[in-house]
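Protein chains in written order, with numbering that gives the first Met the number 0: chain A, 0 to 404; chain B, 0 to 323; chain C, 0 to 291.
All C-beta atoms in this analysis are idealised placements derived from N, C-alpha and C, irrespective of residue type, glycine included.
See below for the structure under consideration.
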Amino acid sequence: MSRTIVTLAFLGATLGLGVTLPAHAVDGVSDDTVTIGAFGPITGPAAFIGLGGRDGMNLAAKEVNAAGGIHGRRLRILFEDDAHSPSRALAAVKKLVDQDRVFMIFSVAGSNSTVGVIDFVKERQVPMYVSIASAPQVTQPFSKYLFRGGTTEAARYGEIYSEFLTQGLGARRIGFISGRDEFSKNEADAVIRYLRSWFNQEPVKRVEFNIGDKDFTPQLLELKQANPDVIMISGHPAEGAIILRQARELGLNQKFFGSGTMVDNSIPANAKSAAEGFMAAWLTPLYFGSRHPDMVKFETAWRREYPNMPAGRPNVFDLLGYGDLHVVAEGLRRAGPDLTRDKFIAALETLRNWRVSMVATPRTFTPEHHIGNLSLQIMEVKNGEWTPLAWESKRPSDILKHLKK
Amino acid sequence: MSPPQRVLILSACMVLLLAGPWLLGTYQQYLLNLVLVNIIIATGLNLLTGNAGQISLCHSSFVAIGAYATTLLYANVRLPFWLALPAGGLVAAACGALLGLPAIRLAGFYLALVTIGFLEVTQILVHELASVTGGVRGMLAPRPSVAGRLLATDLSLYYPVLAVTLGMLYAARNLRYSPLGRAFDAIRNSEAAAQALGIPIARIKLAAFTIAAFYAGVGGGLYAAVVGFIDPVEFGLWASVRHIIFIVVGGLGSVTGSVLGAAIITGLPEWLRRFQEYSDFVYGGLLLAFLVFMPRGIAGALADLRRGWHRSRARVAAIGSPSQ
Amino acid sequence: MSLALNAQLLFSGVSVGSVYALVALGLVMPFKAAGIVNFAQGELVMVGAYIALFLSVGLHLPFHLVVPITMALAAGFGIAIERAFIRPVMRAPEFTIVVATLAVGLMLKNGVRLIWQDNLYPLAVPFSTDVLALGPVRINPLLLYMDGTAIVLMALLALFFRFTRQGKAMRAVAQNPEGARLMGIRVSWVFSATWALSTAMAATAGMLLGALFGIHPEMGHVLIKAFVAAVVGGFVSLPGAVLGGVLVGVAETFSGAYVGSTFKDVVAFLLLIGVLLLRPHGLLGTPLARRV
């Protein structure tokens, strides 16, 4: 009897080994399809990130497939929810790599979820293209399997914001009001770091708030006493709109500059006149409603694909997912018909300032760095609408310089 | 059940537990590890809530304390992992005793709110001590090793996690039938009656909080090892609510209930992946349906079933016997 | 800091406090009548706001119709939830009821998110929102409406419980459901009425919150502070809920100004622990005999 069990266990074990051994062909590549695994939050408070990213990339995949696919292969996208939790993100990616055997991973997730899966994709040597997360661990230390697309380095936000605040706006006294969540805190930290190192300025005051706060009177009064020229808000629209309005109510007449996530129509809609002159940085050259033909084309295609979406969509994540999936498709195209992961990585590294259209910033990857985008567009609310400002960063970024060392 | 039958079933279970994971891929092995970790966490909470009758909405804080303490002791202090793990559990237990001091004077929703306050404080501490905890950015937790061999794969980690889980379950089962466990029951049923029986209520409640926190802390340490990354969002109020769902679905006061509840509620969101953004909505609906049909949890329903079966067998026996 | 600053802080604190108080009033009701602590109350606030949004933006109804229709729809919704999900588990252990209300909340939040996603919607109101200057203190008139609504609702509810047949019936059920049934009170009707009343209150809070701060799926998060407010006030006392709300709001605002915003969220709980240690049944609560 015990021998039977041992035999059975042994058989099971061999079977298990057989299951986990990699198949001969490249995972996720067949004669007529390339399977891409994607993950991001589509439930819970961060759902707007993943829903936008997913719908944007699905639209791009549809366009690629409608144009005949790539070397006769259609793109097939498997999307998994991570609920903005690193443990669920790891489950999603393990499922995609291990069970669905995808060719590559496309992340439209937040920073912590993305950082949590890095070790696993590196160990399995699966390329991961990161569209939205700005965590430094994606690009440093360098790994040939990790790429960052539409969003830029957390440090780059610091560089551009500090340059714009001090040079563009000529601010000498800068105050900060920042959320205590991961995104807002990272952003404000980066800006303050570069204010110090590049422009030798100390913030006159930094105050913090919690996500879900409704009243910001104590923080704003503290800021008012410090008497800054410009106040930077790091946070999301739900709090940002209230902060803008309460600041004006309390008699703070300073200029306000905000996070990239606050370039959103809900800011002028909710803060009304208090939003006039509010500025923030946007991750693509054009805003929605622009009459530029590329944006008109994108918005028409998007609305045809998703006719019943609520206000607030498409959002920036739709644009990032859309632009970045086209970048991936271009990489697959350049990798040639005999697709392997190494060829795909090498092909992506040949991209120089490539973009599908003006709805995305240009991407460059080289064998030395996988930082796709270093540019941001400053926007301002004029007459209740977000409009691009003509300002451009002049100081070259330190980020690539540090990499070469 | 006759003893040989029982041995056969037990050994079949052991073989399944030991050999089964070999047949699975890393995805399922990883989920299996998460299930084991959640079983430990649920068992601790069930001792506190199901047995001693104390509500807690900060069980996830003790998981967090265990996870951070274990990881820091292992990665920074360079203690061996299998020492860091119980040490992390003890740190959590100490914090549990600390919470227990004010908590033993309170009951019901007053207690629930004080535990939410404790959760807020823990979250703020993780945020503010960013130089050690990584703050909101979280931190990577290195994999443990056994006898110098790194447990790099989910499968290799599975066996030690299984051993710890079985050990903790065994301890919980014995605890239930010990004098302390009986005192828990007495307090839950009626504090006044327990006091009249001479049970030192304050001390027993304090013990319940400490033990539950120890279980959570050990679960947290293993969680960090299994996932490899921890951040404060994973240990928020919603995590505590999920821990309560574990034991309510499984069955209050039952070790089997903790096991089944943790396994089902850990697996459910994975099974619901097919519903994409509708998954949380479906999850809420399933949960409600479950509560309506099994208000005393799976363990409660099983007990009813068994009672019904015994009764019908007794009836059959009663009908059958006169004819013999 | 100067007197003017303190006055400004006090006004803000009271206003934030009346947000907590409004939500807390809705929490006290089902607890008073049926011993149920409704963890979905925050989501009911949110659903009320979205109903108003749908009526005013989707159906273009004028505001003076939006308010009563929203309250009526919300009341109906409350009855439906009570009938469908709460009543079947009424006899189950306390914990099962708690988890049932949590599950209802989860479904509501996700349902709303599936339809409207995470956009922040403004709710237009036909009142002037120009800032009033009262000496050096600046006041948003909408906040005054909110303070006023909290007080008026509290008073109306207190009168309702004290003087109307229905109110008395609810109190009787709360004290002893079996006894109330024997006295000819329809207990099941009372339960439904309580839920109708408390969801209508939640919807009122939702409309005010929406007008002031915008409508968002996470706006129900205010529930935790409302809980603290209710417990500080005594959990069965309506004036206690308002007093608790104002105390929590003022404590938060002043600690935010004088101690720093980091521990602003802990202050509410410190206040809670302080009150519970001094008066275990809250400021205006009375010791309840445990139901056995």
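In the same chain as Q253/A, and ignoring 5 residues on each side of it, the C-beta atoms closer than 7 Å to its own belong to P227, D228, V229 and I230, in chain order. Look at the stretch 204-218 of chain A: the residues with a C-beta under 7 Å from a C-beta of chain C are V206, E207, F208, N209, G211, K213, D214, T216, P217 and Q218. With distances taken between CA atoms, P279/C lies nearest to R104/B out of V6/B, L100/B, M13/B and R104/B. By the criterion of a C-beta distance shorter than 7 Å, R295/B is surrounded in its chain by G250, once the five residues flanking it on both sides are discounted. For M218/C, the three-state secondary structure derived from DSSP is helix. Between the alpha carbons of D97/A and L267/B lies a gap of roughly 19 Å.
Between G166/C and L21/C, the C-beta spacing is not below 9 Å. Per the DSSP secondary-structure output, V145/B pairs in a beta bridge with R148/B. CA-CA distance, G107/B to V113/B, rounds to 10 Å.
For D26/A, the secondary structure class from DSSP, reduced to helix, strand or coil, is coil. Among the residues facing chain C, P101/B is included, as its CB has a counterpart in that chain under 9 Å away.
If you check the CB distance, F61/B and A211/B come in under 9 Å. Residue contact with chain C for A280/A: absent (no Cβ-Cβ distance below 9 Å to any residue of chain C). By alpha-carbon distance to S392/A, the top candidate from S374/A, L95/A and E384/A is S374/A. Assigned with DSSP and collapsed to three states, E367/A falls in coil, not helix or strand.
Annotation: the stretch 142-183 of chain A contains the following complete segments of the alpha helix (DSSP H) (minimum length 4 residues), in chain order: 153-162.
Nearest CB-CB separation between A240/C and chain B: not below the 9 Å threshold. Judged by beta-carbon spacing, R187/B lies within the 9 Å limit of G52/B, meaning their Cβ atoms are closer than that value. When only Cα atoms are considered, L222/C and G41/C end up about 5 Å apart.
Excluding five sequence positions before and after L8/C, the CB atoms of its chain that fall closer than 7 Å to its own CB belong to T252, F253 and A256, given in chain order. For D323/A, the closest of L399/A, R72/A and W353/A by C-alpha to C-alpha distance is W353/A.
Nearest CB-CB separation between N118/C and chain B: not below the 9 Å threshold.
Between R136/B and chain A, the shortest Cβ-Cβ separation is below 9 Å. Residue burial is scored here from C-beta neighbours: Q27/B has at least 16 other C-beta atoms within 10 angstroms and is therefore classed as buried. According to the DSSP assignment, L131/C belongs to the beta strand (DSSP E) that extends over L131 to L133. According to DSSP, W385/A shares a beta bridge with V380/A. Per DSSP, R100/A is not a residue of any alpha helix (DSSP H), being assigned neither H nor E. Contact holds between the stretch 377-391 of chain A and the stretch 282-292 of chain A, because three or more Cβ pairs, one in each stretch, are under 8 Å apart. Unbroken alpha helix (DSSP H) runs of no fewer than 4 residues, entirely contained in the stretch 85-160 of chain C, are found at 93-115, following chain order. Sorting V266/C, V235/C, A228/C and A250/C by C-alpha distance to the C-alpha of N5/C places A250/C at the top.
Nearest CB-CB separation between D279/B and chain C: below the 9 Å threshold. Considering only L283/C, V227/C and A99/C, the residue with the shortest C-alpha distance to L269/C is V227/C. Residue nearest to A132/A within the set W301/A, K93/A and P85/A is P85/A (criterion: CA-CA distance). Contact between the stretch 186-197 of chain A and the stretch 208-218 of chain A is absent: fewer than three C-beta pairs spanning the two stretches fall below 8 Å. In the three-state scheme derived from DSSP, where H, G and I count as helix and E and B as strand, V206/A is classed as strand. In the three-state reduction of the DSSP assignment, G39/A falls in the strand class, which pools E and B.
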